[in-house]
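Here is the structure we will look at, set down as structure tokens.
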Amino acid sequence: MNRIKLLICLLVLSLGGCRGDNESEGHSAQLNKNDNSIETNAYGKYIDPVVLRIGFKVPDSKLNTGDSNDNNPISRYLESITNIKVVHTWEAKGEDTFTQKAQLSIDSNDLPDAMIVNRNQLWMLIDNDMIEDLTQTYKDYGSQLIKDMYESTKGEALNDASRDGKLYGLPNVAINADSPSLLWIRQDWLEKLNLQPPKNLDDIEAIAKAFIDKDPDGNGKRDTVGLSGYKNIVYGTKPHANGLDSLFSSYHSFPTNWINDSNGNIIYGSITPETKEALAKLANWYKRGLIDPQFALYKETQEPIINGRSGMFFGPWWMPFYPLSEAVALDMKAEWRAYAAPLDVDGKFITHMAPVTDRYLVVRKGYEHPEAAVKLLNVFTRLERRQDPNKEGVRELDDFSAQTGIQPRAYYPFDLLIDFSDAIEKHYADIQQTLHGKIDPDMLDTETRKLYEQWIAEEEQPKKNMEGWKAVNAYKYGAAILSSTPIEGIRSVFYGNTPIMKSKWDNLMKLESETFLNIIVGDAPISDFDHFVAQWKKLGGDEITKEVTEIVGRK
Numbered sequence: 000m001n002r003i004k005l006l007i008c009l010l011v012l013s014l015g016g017c018r019g020d021n022e023s024e025g026h027s028a029q030l031n032k033n034d035n036s037i038e039t040n041a042y043g044k045y046i047d048p049v050v051l052r053i054g055f056k057v058p059d060s061k062l063n064t065g066d067s068n069d070n071n072p073i074s075r076y077l078e079s080i081t082n083i084k085v086v087h088t089w090e091a092k093g094e095d096t097f098t099q100k101a102q103l104s105i106d107s108n109d110l111p112d113a114m115i116v117n118r119n120q121l122w123m124l125i126d127n128d129m130i131e132d133l134t135q136t137y138k139d140y141g142s143q144l145i146k147d148m149y150e151s152t153k154g155e156a157l158n159d160a161s162r163d164g165k166l167y168g169l170p171n172v173a174i175n176a177d178s179p180s181l182l183w184i185r186q187d188w189l190e191k192l193n194l195q196p197p198k199n200l201d202d203i204e205a206i207a208k209a210f211i212d213k214d215p216d217g218n219g220k221r222d223t224v225g226l227s228g229y230k231n232i233v234y235g236t237k238p239h240a241n242g243l244d245s246l247f248s249s250y251h252s253f254p255t256n257w258i259n260d261s262n263g264n265i266i267y268g269s270i271t272p273e274t275k276e277a278l279a280k281l282a283n284w285y286k287r288g289l290i291d292p293q294f295a296l297y298k299e300t301q302e303p304i305i306n307g308r309s310g311m312f313f314g315p316w317w318m319p320f321y322p323l324s325e326a327v328a329l330d331m332k333a334e335w336r337a338y339a340a341p342l343d344v345d346g347k348f349i350t351h352m353a354p355v356t357d358r359y360l361v362v363r364k365g366y367e368h369p370e371a372a373v374k375l376l377n378v379f380t381r382l383e384r385r386q387d388p389n390k391e392g393v394r395e396l397d398d399f400s401a402q403t404g405i406q407p408r409a410y411y412p413f414d415l416l417i418d419f420s421d422a423i424e425k426h427y428a429d430i431q432q433t434l435h436g437k438i439d440p441d442m443l444d445t446e447t448r449k450l451y452e453q454w455i456a457e458e459e460q461p462k463k464n465m466e467g468w469k470a471v472n473a474y475k476y477g478a479a480i481l482s483s484t485p486i487e488g489i490r491s492v493f494y495g496n497t498p499i500m501k502s503k504w505d506n507l508m509k510l511e512s513e514t515f516l517n518i519i520v521g522d523a524p525i526s527d528f529d530h531f532v533a534q535w536k537k538l539g540g541d542e543i544t545k546e547v548t549e550i551v552g553r554k
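The opening residue of the sequence shown carries number 0 in numbering that gives the first Met the number 0; numbering runs sequentially from there.
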């Protein structure tokens with residue numbers, strides 16, 4: 000620091016206008032306007048304790064250390080660096096129960112100070128003027144890390160939580176990589192039978208037939224499955240194991256999504272001619288035994304994958320974490336690879352995309368410290384992304400996690416994870432650059448550095464450490480395909496409920512799922528699809544389509 004700057008700093012200190020880097024701003028209404036002060040506001044500790052009452056989603060992982068849901072190493076750490084005392088007004092275990100309790104709080108106008116809500120609940124809270132406008136609070140107290148993550152969605156995330164230019168909730172961010180459903184194949188079976196990797200539907204059909212007929216597991220029995228399936232056919236938004244979404248997408252069919260047709264009109268994706276074509280193909284495959292004959296009967300859809308019977312299934316990039324880690328643990332010879340297939344008739348890989356956001360942190364109207372909820376989000380997001388500078392505290396949490404198997408995120412006050420929308424591709428690119436000597440490993444962030452080290456260890460001793468195997472194989476094969484494949488993503492133009500949906504949607508969805516399943520397994524002819532469309536329209540579908548069109552038109 001030069002002499003003039005030093006004198007200026009000493010003068011400011013003598014007037015009482017400077018604080019040490021780790022001291023609180025006190026969070027008065029008067030805010031400094033430089034970038035450093037915003038970060039101090041984001042992470043600074045309150046001088047006096049602040050109480051924040053929340054609705055808490057109880058995790059599946061159980062504390063066995065004598066701690067409680069609101070008094071444990073994670074909650075104590077967050078309180079120690081913020082001076083925010085989090086009190087659980089109510090707790091709920093499981094997503095459905097939590098949603099119901101949140102709805103009860105809304106219906107009774109008895110909100111905790113802050114809680115997580117879904118899209119429909121957010122709209123209801125805004126309509127009834129029950130939550131704080133967080134526009135200025137977010138501007139003044141949101142950390143740069145949070146802001147950068149929201150910016151990675153090109154404004155879509157914050158816009159989704161806004162109305163009339165006002166921000167009413169802090170949203171999660173859907174990772175783009177989580178939307179596409181890839182085709183995972185037993186590579187060792189593929190190579191044993193001298194088969195080429197698939198590109199289109201005909202290739203997948205040929206591989207499925209070979210996996211059934213040619214005893215790829217070598218046990219002398221006809222007990223292997225060509226293609227696994229999911230009893231509800233598609234996931235519709237974020238995929239999981241065995242969903243058949245990608246097959247529909249190759250026909251430009253997007254069941255359960257609201258899309259624009261060729262004339263620009265909004266239409267429900269499950270009732271299109273393309274959907275009928277896809278169902279006809281699946282019915283043909285099932286009749287010929289190419290799809291697991293028992294796919295609709297499994298209690299857990301991943302069962303044939305884990306027990307080594309399935310040779311091919313659809314699923315997202317992270318399948319090595321589960322169920323493939325379980326499958327490989329039972330058969331260490333198993334090798335799985337991911338492919339962007341099937342392509343459409345033009346050779347494009349088409350996929351529907353999940354909504355940019357679907358969960359929102361809201362603050363009760365009139366709560367004295369709305370910034371407290373933002374500050375907690377800043378702090379646990381920084382911790383989750385391995386950017387927390389408090390090394391001793393982080394080390395203790397890591398030790399706790401290692402000893403108990405409980406991830407800190409399980410006991411964050413809000414079930415709202417935020418990341419960069421292209422986080423997976425970023426990690427993969429950085430690892431590749433490091434492996435090729437273009438990035439010094441010491442320059443990697445903590446999370447990517449750990450993944451890089453696991454990658455090196457896995458290459459030196461494959462499958463010795465299954466925790467490392469999970470992450471490395473997810474990136475090496477799943478993320479690699481996403482990073483190297485041009486993907487044409489189709490996003491639904493509408494998510495949420497309309498007034499008529501509230502009374503009629505459950506019956507329409509039941510009609511849809513039963514029709515699709517019956518057609519595929521041969522209990523109904525493909526001509527029943529036309530009857531389904533007519534019934535869907537008559538039983539409320541046409542009215543709902545009008546509502547959706549009007550809502551989208553107002554945005």
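For glycine and all other residues, C-beta sits at the position ideal for the given N, C-alpha and C.
Residue i and residue j closer than 8 Å at C-beta
i: aspartate 444; j: isoleucine 438; result: no
i: isoleucine 174; j: valine 492; result: no
i: alanine 209; j: isoleucine 525; result: no
i: tyrosine 411; j: asparagine 71; result: no
i: alanine 478; j: tryptophan 335; result: no
i: methionine 465; j: alanine 240; result: no
i: isoleucine 550; j: threonine 484; result: no
i: valine 547; j: isoleucine 270; result: no
i: threonine 134; j: leucine 166; result: yes
i: leucine 51; j: alanine 371; result: yes
i: serine 248; j: threonine 350; result: yes
i: glycine 235; j: serine 252; result: no
Secondary structure of residue i, DSSP reduced to three states
i: phenylalanine 253; result: coil
i: leucine 538; result: helix
i: alanine 295; result: coil
i: isoleucine 525; result: coil
i: glycine 552; result: helix
i: tryptophan 122; result: helix
i: leucine 144; result: helix
i: phenylalanine 413; result: coil
i: asparagine 21; result: With a pLDDT of only 36 at asparagine 21, under the threshold of 50, the placement of this residue in the model should not be trusted; the figure read from the coordinates follows. Reduced to three states, the DSSP call for asparagine 21 is coil.
i: isoleucine 543; result: helix
i: asparagine 108; result: coil
i: serine 261; result: coil
i: lysine 390; result: helix
i: alanine 91; result: strand
i: proline 170; result: strand
i: histidine 426; result: helix
i: lysine 213; result: coil
i: valine 378; result: helix
i: tyrosine 321; result: helix
i: aspartate 398; result: helix
i: alanine 207; result: helix
i: isoleucine 266; result: strand
i: leucine 246; result: helix
Start-to-end residues for the beta strand (DSSP E) that takes in residue i
i: leucine 51; result: 49-57
i: asparagine 117; result: 113-117
i: phenylalanine 312; result: 311-314
i: glycine 488; result: 486-490
i: valine 361; result: 358-362
i: phenylalanine 348; result: 348-352
i: alanine 333; result: From DSSP, alanine 333 is part of no beta strand (DSSP E); its letter is neither H nor E.
Unbroken alpha helix (DSSP H) run spanning residue i, endpoints
i: lysine 275; result: 272-286
i: tyrosine 76; result: 72-81
i: isoleucine 518; result: 500-519
i: isoleucine 305; result: 302-305
i: tryptophan 188; result: 186-191
i: alanine 156; result: 155-159
Nearest to residue i (by Cα), restricted to the options the options
i: asparagine 306; options: Leu103, Arg52 and Arg185; result: Arg185
i: glycine 521; options: Asn283, Ile486 and Thr447; result: Asn283
i: leucine 415; options: Leu360, Leu226 and Gly392; result: Leu360
i: valine 471; options: Arg384, Met114, Thr447 and Ser74; result: Thr447
i: aspartate 128; options: Arg363, His87, Tyr476 and Ile423; result: Arg363
i: isoleucine 53; options: Lys84, Ile37, Ile80 and Asn40; result: Lys84
i: threonine 514; options: Pro196, Asp132 and Pro254; result: Pro254
i: valine 344; options: Asp202, Asn82 and Asp441; result: Asp202
i: glycine 242; options: Asp357, Thr223 and Trp183; result: Trp183
i: proline 238; options: Val224, Glu190 and Ser178; result: Ser178
i: lysine 501; options: Ile543, Arg408, Gln406 and Asp529; result: Ile543
Item to check | Those runs of the alpha helix (DSSP H) which lie wholly inside the stretch 428-480 and span at least 4 residues | outcome: 445-459 and 465-472
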